Amino acid sequence: MPAKIIQRNKKPMKKVKVDSVAIDIIESALRNARYEMDTVLFRTAMSPGIREQHDEFPMIANLDGKMVVGQFGSFIWGFMQGYDGTVEEGDIFLTNDPYSVNGAISHQNDWLMLMPIYKDGRIIAWSAMFGHMTDVGGKVPGSLPTDARTIYEEGVSVPPVKIIKAGQLQEDLLKVVLHNCRLPTWNFSDFNAIVAALRTAGIRCVEIAERFGDDVFYSAMDAMLERNKRAMRELIRRTVPETKQYFEDYICDDGLDMGPYKIACSMWREGDKCIFDFTGTDPQSISSINFLLNEEMFKMFAGVYMIMVFDPQILFNDGFYDLMEVRIPAGTLLKPLKPAALSCRTHALGRIFDVLGGLLGQGNPAFMCAAGFSDSPHFMYSGYNKNGEWYQLYQITFGGIPGKPFGDGPDGHSLWPSFTNVPNEFLESYFPLRIDLYETIPDTGGAGKNRGGNGLRIGYRFLEPGEISIHDDRWLTYPWGVNGGLPGARSKKTLVRTDGSSELMPSKIDRIKVEAGDLLIADTWGGGGCGDPYEREIERVVFDVQAGLVTPKGALSYGVVVNDDLTADVAATDKLRAKLKAERGPVKLFDRGFDSIDELKARCETETGLPPPRQPRFTPRVKAAVKAAKRGKAA
15 MPAKIIQRNK
25 KPMKKVKVDS
35 VAIDIIESAL
45 RNARYEMDTV
55 LFRTAMSPGI
65 REQHDEFPMI
75 ANLDGKMVVG
85 QFGSFIWGFM
95 QGYDGTVEEG
105 DIFLTNDPYS
115 VNGAISHQND
125 WLMLMPIYKD
135 GRIIAWSAMF
145 GHMTDVGGKV
155 PGSLPTDART
165 IYEEGVSVPP
175 VKIIKAGQLQ
185 EDLLKVVLHN
195 CRLPTWNFSD
205 FNAIVAALRT
215 AGIRCVEIAE
225 RFGDDVFYSA
235 MDAMLERNKR
245 AMRELIRRTV
255 PETKQYFEDY
265 ICDDGLDMGP
275 YKIACSMWRE
285 GDKCIFDFTG
295 TDPQSISSIN
305 FLLNEEMFKM
315 FAGVYMIMVF
325 DPQILFNDGF
335 YDLMEVRIPA
345 GTLLKPLKPA
355 ALSCRTHALG
365 RIFDVLGGLL
375 GQGNPAFMCA
385 AGFSDSPHFM
395 YSGYNKNGEW
405 YQLYQITFGG
415 IPGKPFGDGP
425 DGHSLWPSFT
435 NVPNEFLESY
445 FPLRIDLYET
455 IPDTGGAGKN
465 RGGNGLRIGY
475 RFLEPGEISI
485 HDDRWLTYPW
495 GVNGGLPGAR
505 SKKTLVRTDG
515 SSELMPSKID
525 RIKVEAGDLL
535 IADTWGGGGC
545 GDPYEREIER
555 VVFDVQAGLV
565 TPKGALSYGV
575 VVNDDLTADV
585 AATDKLRAKL
595 KAERGPVKLF
605 DRGFDSIDEL
615 KARCETETGL
625 PPPRQPRFTP
635 RVKAAVKAAK
645 RGKAA
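Positions 15 to 649 (this note's numbering) are the ones given, in order, by the sequence shown.
Shown next as structure tokens:
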């Protein structure tokens, strides 16, 4: 039963005509309020994941819960469907349970908080924000266990509750939650920072409504949503074909030595509506790589991807959602059944964007981007220092951004919106480690007319004994290239001990003991190349060689011969390019770097130094759910 909204003022909002100037002013004011939410949070949070890395997502929504400005929309509808109590003035809600809100958040480290914004006794808007907590009490430090079998191993689970009721903090409830976390001081600080951000948005919305009037404020937000819908309708008509497009990609493994796992999606247009159907996706994993993909959240992913690729001038909000339909079969990797583990859903979340790129580009190859959102590597390091004090690091690292039709992909960069790296100076100041290496890796970006971004190499020198966790992917499959572009390089993690011995690390592993002096060399993936590499201007290749982004040997992938003085041999280049083009034949729309998964597994140990993953096992309950979903669709 959905939540019941309590209002003293029952007078409904009226839709009135608002001139375009007022709409633009209100839009700018709301955008400023959204960024002010960020500023308040970053200046008051304690965890480096939020304070430095900006792993948080704010939004301001209209009174129906539709995001008008923000980063990730769709929280409020799923939240309100999962909460069966009342909504009253002064309330702030908290949850971190994905199953309670149909995937509005997707793992328990994300604390989602929402606040109804009241003015004169009635709701005029909502503010919401979620942030990634460094720890929520799971069975390993960081609460992202790679080998979890159920969500109950991943930390304290908070259903939708009023954490602040009528303006009063429910202290006992918060104490219980914080008592089950390894870093209660950080969590408490981050919690209060989110509350302050929500209240900041509330103050700004009331100020705007007081200036323009409640009905104008309400109508302007509605007009902003409608404007987005009109723009997206035209974008869908122009970019999504009526003919069904299909694409698939893979999660390399599940942390239990099984994989790869297929994510499959079909896309087509029916009139103004874009349909996405994930039939063909593998059943859910018995480990923690499952991703409870909320349908509204996927619409947000698809919409923001289309806007950034085709028309970045469109204001992104929730206005277009009824122009999309998303079908995800139950029991699959993207719609797991409770209590499936979810903590390591990041790999599937990243891969969704590569799948979107493969789908949306087929009908418009001129706009196609290569793969490069392929992963979001997590690194964790924890233990007791020489003073007996607990330390715990959670960090996201970045890789190569894909080559795109209008330029090269940046090297060692984030594709997550507004994310930044944790500065090395911060890491060395607050944690017992030293960054010995921090550099892009030449030749790891896929060759193309526009080069894929190079991967990043980080060398973590540990100064105290402790334990590390590694969460990574794209070690088996490659970030694919498009329109003749070549795949990017795969990721790799190597642990070098003080005695000089070294060991290749699995891509997903916890509880690796390290000693003072040990060195972890973490290489991330490179972005795929875009376009025919033999058409890349010779001077651009030479510049990359001189800049250390491509080696003279790597320049041969572009058909460019580089002299010892790092200049191009033009005659030799022309001859080599003609030869390579003839041998290659027509360019491929996609170049995955392999023809079949079986072939890739056969090459695995030789190429990666790691054994190939075993065939995934699926439980009888999951198999039955997938079959039932297929029967229902057929019926």
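All C-beta atoms, glycine included, are put in the ideal place defined by N, C-alpha and C. On a predicted model such as this, the values are computed, not experimentally measured, just so you know.
Under a Cβ-count criterion, where at least 16 other Cβ atoms within 10 Å of its own Cβ denotes burial, should residue i be classed as buried or exposed?
i	result
tryptophan 539	buried
tyrosine 49	exposed
tyrosine 572	buried
glutamate 70	buried
valine 576	buried
serine 8	In the structure as shown, the chain begins at 15 and stops at 649. Residue 8 is therefore absent and cannot be evaluated.
tryptophan 404	exposed
glycine 181	exposed
lysine 349	buried
valine 100	Checking the displayed sequence, the identity of residue 100 turns out to be threonine instead of valine. Answer is exposed; the Cβ neighbour count stays below 16.
alanine 648	For alanine 648, the predicted structure reports a pLDDT of 41, less than 50, and the residue's modelled location is therefore unreliable. A value from the coordinates is still provided. Alanine 648 comes out exposed.
glutamate 650	Residue 650 cannot be examined here, being either before or after the span of the chain that is shown, 15 to 649.
tyrosine 395	buried
valine 584	exposed
asparagine 401	exposed
arginine 591	buried
arginine 635	exposed
alanine 561	exposed
At the level of alpha carbons, what is the spacing between residue i and residue j?
i	j	result
valine 175	tyrosine 97	8 Å
leucine 249	aspartate 52	30 Å
threonine 581	glutamate 551	13 Å
leucine 570	glutamate 553	14 Å
proline 547	glycine 377	22 Å
valine 190	asparagine 123	16 Å
methionine 127	glutamate 310	18 Å
glutamine 95	proline 625	45 Å
methionine 272	asparagine 46	46 Å
lysine 18	aspartate 228	22 Å
glutamate 240	proline 416	32 Å
histidine 193	lysine 418	47 Å
valine 601	serine 432	35 Å
lysine 80	asparagine 308	15 Å
tryptophan 489	isoleucine 303	15 Å
Tell me whether residue i sits in a helix, a strand or coil according to DSSP, three-state version.
i	result
serine 6	Since the first residue of the chain shown is 15 and the last is 649, residue 6 is not available in this structure.
isoleucine 342	coil
arginine 163	coil
isoleucine 119	coil
alanine 59	coil
valine 584	helix
alanine 215	helix
methionine 238	helix
histidine 68	coil
glutamine 182	strand
arginine 283	strand
threonine 491	coil
phenylalanine 292	coil
leucine 77	coil
asparagine 206	helix
lysine 527	strand
tryptophan 539	coil
Quick one: what's got a C-beta closer than 8 Å to residue i's C-beta in the same chain, skipping five residues either side?
i	result
glutamate 256	Trp282, Arg283, Glu284
isoleucine 611	Tyr264, Pro274
lysine 25	Arg136
glycine 152	Gln122, Leu158, Pro159, Ala162, Glu167, Glu168, Gly169, Ser357
alanine 234	Val32, Ala36, Ile37, Ile40, Glu41, Phe226
Quick one: residues in its chain with C-beta nearer than 6 Å to the C-beta of residue i, no 5 flanking neighbours on either side, listed in chain order?
i	result
methionine 245	Correcting the residue identity first, residue 245 is alanine in this sequence and not methionine. The residues are Ile328.
isoleucine 178	Ile106
glycine 375	Met382
glycine 269	Thr160, Asp161, Ser301, Lys522
Quick one: what's got a C-beta closer than 7 Å to residue i's C-beta in the same chain, skipping five residues either side?
i	result
glycine 397	Tyr405, Glu478, Pro479, Gly480, Glu481
glycine 317	Met246, Phe330, Phe334
**Prompt:** Does the region 260 to 279 come within contact of the region 287 to 298, defined as at least 3 CB pairs closer than 8 Å?
**Reply:** Because the criterion of three Cβ pairs below 8 Å is met, the region 260 to 279 and the region 287 to 298 touch.
**Cβ contact (3+ pairs, closer than 8 Å) linking the region 335 to 348 and the region 104 to 111** = no
**Request:** Would you check if the region 28 to 37 and the region 135 to 150 touch, i.e. whether three or more CB-CB distances between them fall below 8 Å?
**Result:** no
**Asked** How about the region 516 to 529 and the region 460 to 467: do they share at least three Cβ pairs that are nearer than 8 Å?
**Response** Using a C-beta cut-off of 8 Å, the region 516 to 529 makes no contact with the region 460 to 467, since fewer than three inter-stretch Cβ pairs fall below that distance.
**Prompt:** Can we say the region 488 to 498 touches the region 530 to 544, given the rule of at least three CB pairs closer than 8 Å?
**Reply:** When Cβ pairs closer than 8 Å are counted between the two stretches, the region 488 to 498 is seen to touch the region 530 to 544, the count reaching three or more.
**Asked** If we count Cβ pairs, one from each stretch, closer than 8 Å, do we get three or more for the region 503 to 523 versus the region 447 to 454?
**Response** no
**Prompt:** Is it a yes or a no for the region 204 to 217 touching the region 64 to 81, going by three-plus beta-carbon pairs under 8 Å?
**Reply:** Yes, the region 204 to 217 is in contact with the region 64 to 81.
**Request:** Would you check if there are 3 or more beta carbon pairs closer than 8 Å linking the region 364 to 373 to the region 153 to 164?
**Result:** no
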